[in-house]
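Undergrad: Pasting a structure here, questions to come.
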Amino acid sequence: MIRKEWKIPWELIDKIEKIHEPMKSLNIQIRHIFRKANQLAEFITTTAIDQEQEGKLQYQHFNQLPGIAKGILNMDKQ
Numbered sequence: 001m002i003r004k005e006w007k008i009p010w011e012l013i014d015k016i017e018k019i020h021e022p023m024k025s026l027n028i029q030i031r032h033i034f035r036k037a038n039q040l041a042e043f044i045t046t047t048a049i050d051q052e053q054e055g056k057l058q059y060q061h062f063n064q065l066p067g068i069a070k071g072i073l074n075m076d077k078q
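At position 3 of the sequence shown (counting the first as 1) the number is 3 in my numbering, and the numbers step up by one without a gap.
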């Protein structure tokens, strides 16, 4: 929808136009990344949603990441 490749549902037209307007003057590339290729972001998002009531999650260093996240990062290096 943002790239104007699909027909925009009428209830979203105003919101999409608000996104398009500033994009006209910027050099922006929009790409779809499949969840499988972005496992770390998917894991962190799911973890944040699951722990929403507990407050904000912040990871400043690799050592602070949960073991699963470290494993995903290490697999990406290979």
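C-beta atoms are modelled at their ideal positions from N, C-alpha and C, and glycine is treated no differently. Bear in mind that the values here come from a model prediction, so they are computed numbers and not experimental data.
Using a Cβ distance threshold of 8 angstroms, determine whether the region 31-44 contacts the region 67-74, with at least three qualifying pairs required.
TA: yes
Undergrad: Given this structure, state the Cα-to-Cα distance separating R35 from L73, to the nearest angstrom.
TA: 14 angstroms
Undergrad: Helix or strand or just coil, what does DSSP make of N63?
TA: helix
Undergrad: Is the distance from the Cβ of T46 to the Cβ of L57 below 8 angstroms?
TA: no
Undergrad: Report back the beta-carbon spacing between I19 and I8 to the nearest angstrom; my notes put them in contact at under 8 angstroms.
TA: I8 and I19 do not touch by the CB rule: their CB atoms are close to 11 angstroms apart, not below 8 angstroms.
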